[in-house]
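Enquirer: What follows is a structure written as structure tokens; I'll ask about it next.
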Amino acid sequence: MIVFNNVHKSFGTIEVLKGIDAEIRKGEVGCLIGPSGSGKSTLLRCVNGLESYQRGSISIDGTVVDATSRDIHSICARVTMVFQRFNLFPHRTALENVMEGPLYVLKENRKEVCERAMELLDRVGLAEKMHAFPGSLSGGQQQRVAIARALAMRPEAILFDEPTSALDPEMVGEVLQVMRALAGEHMTMLIVTHEIQFAREVADQVLFLDGGKIVERGSAQEVLRDPKHGRTQDFLKRVMHPA
Amino acid sequence: MSEFLSRSESYLPFLLQGLWLTVLVTLLALCLATNIGLLWALFRTSSVNLLVVPTRFFVEFVRGIPLLVLLFYIYFVAPEIGVNLTAFQSGVLGLALAHSCYLSETFRAGIEAIDKGQIEAARSIGMRRPLMMRRVVLPQAFRIVLPPYGNNIILLLKDSSLVSVISVTDLTMQGKMLASSTFDNMTVFTLVAFLYLCLTIPLNLLMRRLETTMGVGG
Ligand SMILES: Nc1ncnc2c1ncn2[C@@H]1O[C@H](COP(=O)(O)OP(=O)(O)OP(=O)(O)O)[C@@H](O)[C@H]1O
Ligand SMILES: [Mg+2]
Numbered sequence: 001m002i003v004f005n006n007v008h009k010s011f012g013t014i015e016v017l018k019g020i021d022a023e024i025r026k027g028e029v030g031c032l033i034g035p036s037g038s039g040k041s042t043l044l045r046c047v048n049g050l051e052s053y054q055r056g057s058i059s060i061d062g063t064v065v066d067a068t069s070r071d072i073h074s075i076c077a078r079v080t081m082v083f084q085r086f087n088l089f090p091h092r093t094a095l096e097n098v099m100e101g102p103l104y105v106l107k108e109n110r111k112e113v114c115e116r117a118m119e120l121l122d123r124v125g126l127a128e129k130m131h132a133f134p135g136s137l138s139g140g141q142q143q144r145v146a147i148a149r150a151l152a153m154r155p156e157a158i159l160f161d162e163p164t165s166a167l168d169p170e171m172v173g174e175v176l177q178v179m180r181a182l183a184g185e186h187m188t189m190l191i192v193t194h195e196i197q198f199a200r201e202v203a204d205q206v207l208f209l210d211g212g213k214i215v216e217r218g219s220a221q222e223v224l225r226d227p228k229h230g231r232t233q234d235f236l237k238r239v240m241h242p243a
Numbered sequence: 001m002s003e004f005l006s007r008s009e010s011y012l013p014f015l016l017q018g019l020w021l022t023v024l025v026t027l028l029a030l031c032l033a034t035n036i037g038l039l040w041a042l043f044r045t046s047s048v049n050l051l052v053v054p055t056r057f058f059v060e061f062v063r064g065i066p067l068l069v070l071l072f073y074i075y076f077v078a079p080e081i082g083v084n085l086t087a088f089q090s091g092v093l094g095l096a097l098a099h100s101c102y103l104s105e106t107f108r109a110g111i112e113a114i115d116k117g118q119i120e121a122a123r124s125i126g127m128r129r130p131l132m133m134r135r136v137v138l139p140q141a142f143r144i145v146l147p148p149y150g151n152n153i154i155l156l157l158k159d160s161s162l163v164s165v166i167s168v169t170d171l172t173m174q175g176k177m178l179a180s181s182t183f184d185n186m187t188v189f190t191l192v193a194f195l196y197l198c199l200t201i202p203l204n205l206l207m208r209r210l211e212t213t214m215g216v217g218g
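First to last, the protein sequences are chains E and A.
The numbers in UniProt numbering rise by one with no breaks, and the one at position 136 of the first sequence is 136.
The numbers in UniProt numbering rise by one with no breaks, and the one at position 202 of the second sequence is 202.
So this is what it looks like as structure tokens:
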């Protein structure tokens, strides 16, 4: 589904991704872990064209993602993204946020879009907040609206960039719960996360990224419980038992 | 005092005619300037160099010329290259052109103040730039820009008095003519100033109202 083939990416002279090879299969949950600055966000952003890359290729179901192509918008619509800081549209209600994409990008029928958006908000547990503006919602609620907004596009895959890192601890659970449910429905997801426990539960594949390279990969069992690589071991120790 | 009032009464119809023209010139110029200014701002914030660079030059160029000179230029020079505009048209055009450039900077600042996360969110649901501008960026920029925009309207209204020098019979021009025929400078120009204030003060209050009601919500 999402295939990385020797992806290289630099900002100016700084090489951030140094040859990434990976594949996320349809219905699979991939968790991307790694220290700060290792290039996780950059890799994710290359997938839906928010960043361009210089060498190699990323393809989605066979379509090569090229941030400079005129067609990049249709790729974005197929693979949506959930951000660390939610990025809801503050001037629109929760419901309008969810409807925005299907209504104006996919140009679907307003009534159907509205019904579906209400269903989605219900699914993330926010049916009663549909007319609230983002400013009046808690971080956890905003992130759940953002997930509903991403789902409303009926994407082939969803990218999550540290979806719980900006949340107060007591709100992390409600967001992970929604994501867990999506994993259960075999939504294809690529998740950057520091929630190791959560990754253990849902990941079909864990990729450990360090210094722009995938240092270790495998099942959650292999990478998270029984890492081979010294750097993975160190990283896990640090995130599991912060000093 | 009663003398002032009785004289005022006889001057007022004449001045009100001018006032009406001032309002008309201001509204037309504002309408044009807003649209053109928005266009400049969209050009300037686009990623197309072919739009960015010429727009930047043009805006800086116009901003660097005194409005009065611009008006003279349009009114007196345009006919020499075969473009015949009435004084009224020249006045509206000059005001609109100058203020489109002032406004474009205001609009640009508003557009650039929008959080980058908003743009990324819009892109990640597949929005192209025009749609993103219309649905995400401009509605939010509008709130930011409203106070300086209001200020600009008042400046434009006051600048409109300059069209009197190219013989548009606006409030200022009517005042000047009245004063030179009656020699009653005191009454006439007091009235003229008062009539301008009748426009600018309510405008100011209205803008402040809008600011507070728009500032919150959402
Ligand atoms: N727009 C940019 N311009 C220049 N350098 C950038 C840019 N974005 C990221 N970088 C650099 O690229 C490297 C990787 O950044 P990235 O955000 O992908 O890391 P990350 O793994 O997501 O880190 P974090 O866990 O802190 O989010 C960092 O060194 C960062 O400074
Ligand atoms: Mg990151």
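Using N, Cα and C, we set each Cβ at its ideal position, and we do this for glycine too.
Does any CB atom of chain E fall closer than 9 Å to the CB of A/GLY126?
Expert: yes
Enquirer: Based on Cα-Cα distance, which residue from A/ILE125, A/MET186, A/ALA193 and A/LEU156 lies nearest to A/LEU171?
Expert: A/ALA193
Enquirer: Name the chain A residues whose beta carbon is nearer than 9 Å to that of E/GLU100?
Expert: Under the 9 Å cutoff, chain A gives ALA122, ILE125, MET127, ARG135 and VAL136.
Enquirer: Just list the residues that DSSP pairs E/GLU216 with in beta bridges.
Expert: In DSSP, E/GLU216 forms a bridge with E/PHE208.
Enquirer: So, helix, strand or coil for A/SER124, using DSSP?
Expert: helix
Enquirer: What does DSSP give as the partner residue(s) for E/PHE59 in the beta ladder?
Expert: Residue 59 of chain E is actually Ser in this sequence, not Phe. The partner list for E/SER59 (beta bridge, DSSP) reads E/VAL3 and E/VAL64.
Enquirer: Just grab the DSSP bridge partners of E/ALA150 for me.
Expert: The beta-bridge partner set that DSSP reports for E/ALA150 is empty.
Enquirer: Which residues, in chain order, does the stretch 94-120 of chain A contribute to contact with chain E at a C-beta distance below 7 Å?
Expert: GLY117, GLN118 and GLU120
Enquirer: Taking 9 Å as the CB-CB limit, is E/ARG200 close to chain D?
Expert: Judged by its chain identifiers, the structure shown contains no chain D, and its protein chains are E and A.
Enquirer: Alpha carbon to alpha carbon, what distance is there between A/ILE74 and A/GLU80?
Expert: 10 Å
Enquirer: Can you give the beta carbon distance from E/LEU43 to E/LEU209, rounded, assuming they're within the 8 Å contact cut?
Expert: Yes, they are in contact, since the Cβ atoms of E/LEU43 and E/LEU209 sit about 7 Å apart, within 8 Å.
Enquirer: Using a Cβ-Cβ cut-off of less than 7 Å, give me the residues of the stretch 72-84 of chain E that come near chain A, in sequence order.
Expert: HIS73, SER74, CYS76, ALA77, THR80, MET81 and PHE83
Enquirer: Tell me whether E/ASP161 is buried or exposed, calling it buried when 16 or more other Cβ atoms sit within 10 Å of its Cβ.
Expert: Buried.
Enquirer: Taking all protein chains shown into account, do 16 or more other C-beta atoms lie within 10 angstroms of the C-beta of A/VAL48, making it buried, or fewer, making it exposed?
Expert: exposed
Enquirer: Whose CB is closer than 5 Å to a heavy atom of ligand 1? List the residues in chain order.
Expert: Screening all residues for a C-beta within a distance smaller than 5 Å of any heavy atom in ligand 1 leaves E/PHE11, E/VAL16, E/SER36, E/GLY37, E/SER38, E/GLY39, E/LYS40, E/SER41 and E/THR42, in chain order.
Enquirer: Do E/HIS131 and E/ALA94 have their C-beta atoms closer together than 9 Å?
Expert: yes
Enquirer: Apart from the five residues on each side of it in sequence, which residues of its chain come closer than 7 Å, Cβ to Cβ, to E/LYS228?
Expert: Contacts found: GLU216.
Enquirer: Taking buried to mean at least 16 other C-beta atoms within 10 Å of its own C-beta, is A/ASN152 buried or exposed?
Expert: buried
Enquirer: Would you tell me roughly how many angstroms separate the C-alpha atoms of A/ALA29 and A/VAL163, rounded to the nearest one?
Expert: 12 Å
Enquirer: Pick from A/ARG208, A/THR212 and A/THR169: whose alpha carbon is nearest that of A/TRP20?
Expert: A/THR169
Enquirer: Roughly how many angstroms lie between the CA atoms of A/TYR11 and A/MET173, to the nearest whole one?
Expert: 13 Å
Enquirer: With a threshold of 7 Å on Cβ separation, who are the neighbours of A/ALA98 within its own chain once the five nearest residues in sequence on each side are excluded?
Expert: VAL62, LEU67 and LEU70
Enquirer: Cβ of A/GLY218 less than 9 Å from any chain E Cβ?
Expert: Annotation note: pLDDT 37 at A/GLY218 (below 50); position unreliable, coordinate value reported separately. Closer than 9 Å to some Cβ of chain E, the Cβ of A/GLY218 qualifies, so yes.
Enquirer: Rounding to the nearest angstrom, what Cα-Cα distance links E/VAL29 and E/GLU156 in this structure?
Expert: 12 Å
Enquirer: Would you mind working out which of E/ILE147, E/SER59 and E/LEU106 sits nearest E/GLY125, comparing C-alpha positions?
Expert: When each option's Cα is compared against that of E/GLY125, the closest is E/ILE147.
Enquirer: Under 6 Å Cβ to Cβ from E/THR232, same chain only, skipping five residues before and after it: list those, please.
Expert: PHE208 and GLU216
Enquirer: Mind checking who A/PHE72 pairs with in its DSSP beta bridge?
Expert: Looking at the DSSP output, A/PHE72 shares a beta bridge with no other residue.
Enquirer: Can you tell me whether A/GLU211 is buried or exposed, with buried defined as 16 or more other CB within 10 angstroms of its CB?
Expert: exposed
Enquirer: Got a sec, what are the start and stop residues for the beta strand (DSSP E) A/PHE107 sits in?
Expert: Where A/PHE107 is concerned, there is no enclosing beta strand (DSSP E), although the alpha helix (DSSP H) it sits in stretches over 87-112.
Enquirer: Rounded to the nearest angstrom, what separates E/ILE2 and E/ARG25 at their Cα positions?
Expert: Near 7 Å, if we compare the C-alpha coordinates of E/ARG25 and E/ILE2.
Enquirer: Buried or exposed for A/VAL116, please, with buried defined as at least 16 other CB atoms from any protein chain shown within 10 angstroms of its CB.
Expert: According to the sequence provided, residue 116 of chain A is Lys. The question's Val does not apply to it. It counts as exposed.
Enquirer: Nearest chain A C-beta to E/VAL3 closer than 9 Å, yes or no?
Expert: Not one chain A Cβ lies under 9 Å of E/VAL3.
Enquirer: By the DSSP assignment, the alpha helix (DSSP H) with E/MET179 in it spans what residues?
Expert: For E/MET179, the uninterrupted alpha helix (DSSP H) run begins and ends at 169-184, by DSSP.
Enquirer: Thinking just about the alpha-carbon of each residue, which of E/PRO35, E/GLY27, E/ILE196 and E/SER57 is nearest to the one in E/LYS9?
Expert: E/SER57
Enquirer: Using beta carbons (cut-off 9 Å, strictly below), is A/PRO139 in contact with chain E?
Expert: For A/PRO139, the nearest CB of chain E lies under 9 Å from its own CB, placing it at the interface with that chain.
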